[in-house]
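> Residues in the sequence shown are numbered from 4 upward in steps of one, following our numbering.
Sending over a structure as structure tokens; questions will come in a sec.
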Amino acid sequence: MSIFADKDTKLLVQGITGRAAREKTPHMIEYGTDVVAGVTPGKGGQEVQGVPVYDTVREAKKQHPEINTSLIYVPHFAAKDAVLEALDSGIEKINVTTERIPTRDMWELQEKLDNHDATFVGPTSVGVISPGKSKIGPIGGNRAEEAYTKGSIGIVSKSGGMTTETAQVVQKAGFGISTAMDIGGDKIAGTTFVEALKMFEEDSQTDAVVMFGELGGTYENQVADFLDNNSELDMPVVAFITGKFTEDMPSQQYGHAGAVIRGDKNKPSYKERVLSESGVHVVDVHHEIGEKLKEVV
Numbered sequence: 004m005s006i007f008a009d010k011d012t013k014l015l016v017q018g019i020t021g022r023a024a025r026e027k028t029p030h031m032i033e034y035g036t037d038v039v040a041g042v043t044p045g046k047g048g049q050e051v052q053g054v055p056v057y058d059t060v061r062e063a064k065k066q067h068p069e070i071n072t073s074l075i076y077v078p079h080f081a082a083k084d085a086v087l088e089a090l091d092s093g094i095e096k097i098n099v100t101t102e103r104i105p106t107r108d109m110w111e112l113q114e115k116l117d118n119h120d121a122t123f124v125g126p127t128s129v130g131v132i133s134p135g136k137s138k139i140g141p142i143g144g145n146r147a148e149e150a151y152t153k154g155s156i157g158i159v160s161k162s163g164g165m166t167t168e169t170a171q172v173v174q175k176a177g178f179g180i181s182t183a184m185d186i187g188g189d190k191i192a193g194t195t196f197v198e199a200l201k202m203f204e205e206d207s208q209t210d211a212v213v214m215f216g217e218l219g220g221t222y223e224n225q226v227a228d229f230l231d232n233n234s235e236l237d238m239p240v241v242a243f244i245t246g247k248f249t250e251d252m253p254s255q256q257y258g259h260a261g262a263v264i265r266g267d268k269n270k271p272s273y274k275e276r277v278l279s280e281s282g283v284h285v286v287d288v289h290h291e292i293g294e295k296l297k298e299v300v
């Protein structure tokens with residue numbers, strides 16, 4: 004079945020005429036993703052790699068009612084309006100690559116999402132891939148078929164690059180990937196670790212999940228709380244939390260906007276402890292993920 008990206012994905016690319024989207028759209032098409040249409044205001048009537056471009060999402064949806072997913076490649080100042088336009092057009096799944104979206108805009112989007120039956124992955128996400136079915140975003144680059152092989156292990160990560168690195172570790176251990184999802188490393192995520200785990204739990208093709216977390220925020224801690232208070236997750240979870248070296252340097256940002264230690268609960272060591280206590284299989288170093296999977300799957 005897979006999650007978010009599958010063989011039934013009908014993709015709209017918002018901001019398709021921009022440099023990044025022009026570069027990545029061919030990779031998605033070559034992988035087999037059904038890129039139905041694109042949107043850039045004022046560029047309607049053009050084509051990108053044979054994909055028709057429209058001025059608005061509403062117009063694209065009218066011409067292609069099968070569209071069910073949007074990939075957003077727009078500048079940070081336009082991201083909120085792009086997401087709202089997708090939501091108002093009834094698009095069910097939204098993946099946002101954009102970085103530096105203002106926190107206030109994300110809070111407003113979260114409030115809007117509460118009133119829509121839509122799944123929002125991002126911002127700062129490199130995408131989602133279900134091997135052999137569909138890839139949304141730049142995840143895996145132009146060699147995604149080599150980076151991700153089909154299997155039964157789900158991956159959810161705060162880091163785009165480390166999503167692929169984690170897939171390599173999983174595959175070297177003899178496993179394949181059901182779906183790999185980069186939720187992004189911002190302070191506010193459209194999809195949290197807990198929400199991703201719930202999606203994987205409902206996927207009959209996923210037998211275990213690998214979670215790549217990092218310093219900052221409390222999304223990893225929420226997983227521990229969820230597992231402590233629920234017995235519905237019937238699959239093993241293996242986790243690696245990066246950034247322990249930063250614990251002696253609080254209040255410094257490391258890469259992602261959300262990668263800042265502001266208190267003990269933001270520290271990797273704290274996250275490791277509460278996750279372990281809740282039943283998650285935590286590894287000390289990244290390359291141990293594969294061996295741990297062999298033990299628990």
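No residue lacks a Cβ here, since even glycine has one placed at the ideal position from N, Cα and C.
My parser needs the alpha helix (DSSP H) runs of 4 or more residues fully inside the stretch 61-126; what are they?
Counting whole runs of 4 or more residues, the stretch 61-126 contains the alpha helix (DSSP H) stretches 79-91, 106-116.
> Going by beta carbon distance, what residues of the same chain come within less than 6 Å of threonine 245, once the five residues before and after it are set aside?
One-based indexing of the sequence shown puts residue 245 at position 242. For threonine 245, where only same-chain residues beyond five positions count, the Cβ hits under 6 Å are Glu217.
> Consult DSSP for glutamate 223 and reduce its assignment to one of helix, strand or coil.
Against the sequence shown, residue 223 aligns to sequence position 220. Glutamate 223: helix per DSSP, three-state reduction.
> Kindly provide the ranges of any beta strand (DSSP E) runs that are 3 or more residues long and lie completely inside the stretch 135-220, ordered along the chain.
Counting only runs of 3 or more, we get 137-139, 153-160, 180-185, 211-217.
> Below 8 Å on the Cβ atoms is my contact criterion, and I expect aspartate 19 with valine 42 to pass it. Report the Cβ-Cβ distance as a whole number of Å.
Within the sequence shown, residue 19 is the residue found at index 16, counting from 1. Within the sequence shown, residue 42 is the residue found at index 39, counting from 1. Checking the displayed sequence, the identity of residue 19 turns out to be isoleucine instead of aspartate. Confirmed, Cβ separation roughly 7 Å.
> Candidates Ser92, Lys64, Pro68, Met214: which alpha carbon is nearest alanine 121's?
Indexing the sequence shown from 1 puts residue 121 at position 118. Here the closest residue by C-alpha is Ser92.
> Less than 8 Å between the CB atoms is what I'm expecting for asparagine 224 and lysine 274, so what's the real figure, rounded?
Stepping through the sequence shown from its first residue, residue 224 is reached at position 221. Stepping through the sequence shown from its first residue, residue 274 is reached at position 271. About 6 Å separates the two Cβ atoms, so the contact holds.
> Under three-state DSSP, which class holds phenylalanine 229?
Counting from 1 along the sequence shown, the entry for residue 229 is found at position 226. Reduced to three states, the DSSP call for phenylalanine 229 is helix.
> Can you say whether asparagine 269 is buried or exposed, counting buried as having 16 or more other CB atoms within 10 angstroms of its CB?
Position 266 of the sequence shown, counted from the start, is the residue given in the question as residue 269. Counting Cβ neighbours within 10 Å, asparagine 269 comes out buried, since at least 16 surround it.
> Do alanine 176 and glycine 293 count as a contact pair if the criterion is CB distance below 7 Å?
Numbered from its first residue, the sequence shown carries residue 293 at position 290. Numbered from its first residue, the sequence shown carries residue 176 at position 173. Result yes, Cβ atoms of glycine 293 and alanine 176 sit closer than 7 Å.
> Is it the case that the stretch 48-59 contacts the stretch 8-23, given that we only count it when at least three CB pairs across the two stretches are under 8 Å?
Touching, yes.
> Does the distance from the CB of alanine 82 to the CB of isoleucine 104 come in under 7 Å?
On the sequence shown, position 79 is the one that residue 82 refers to. On the sequence shown, position 101 is the one that residue 104 refers to. Yes. Within cutoff.
> Using beta-carbon positions only, say whether serine 281 and alanine 227 come within less than 7 Å of one another.
For the purposes of this step, residue 281 is identified with residue 278 of the sequence shown, where counting begins at 1. For the purposes of this step, residue 227 is identified with residue 224 of the sequence shown, where counting begins at 1. Contact: yes.
> Please report how far the alpha carbon of glycine 125 lies from the alpha carbon of glycine 179, in whole angstroms.
Here residue 125 refers to the residue found at position 122 of the sequence shown. Here residue 179 refers to the residue found at position 176 of the sequence shown. For glycine 125 and glycine 179, the distance between alpha carbons rounds to 24 Å.
> Let me know the secondary structure DSSP gives threonine 245 once reduced to three states.
For this step, residue 245 is matched to residue 242 along the sequence shown. Strand.
> What did DSSP end up calling glutamate 50 once you bin it into helix, strand or coil?
Taking the sequence shown and counting its residues from 1, one reaches residue 50 at position 47. Three-state DSSP puts glutamate 50 in a strand.
> For proline 44, which of helix, strand or coil comes out of DSSP?
Position 41 of the sequence shown, counting from 1, holds the residue named residue 44. Residue state, collapsed to three classes: coil.
> Taking the alpha-carbon of asparagine 98 as reference, which of His79, Val86, Glu205 has the nearest alpha-carbon?
The residue labelled residue 98 in the question sits at position 95 within the sequence shown. Minimum Cα distance to asparagine 98 is reached at Val86.
> CB serine 181 to CB serine 73, shorter than 7 Å?
To locate residue 181, count along the sequence shown from 1; it is residue 178. To locate residue 73, count along the sequence shown from 1; it is residue 70. No, these two residues do not count as a Cβ contact at 7 Å.
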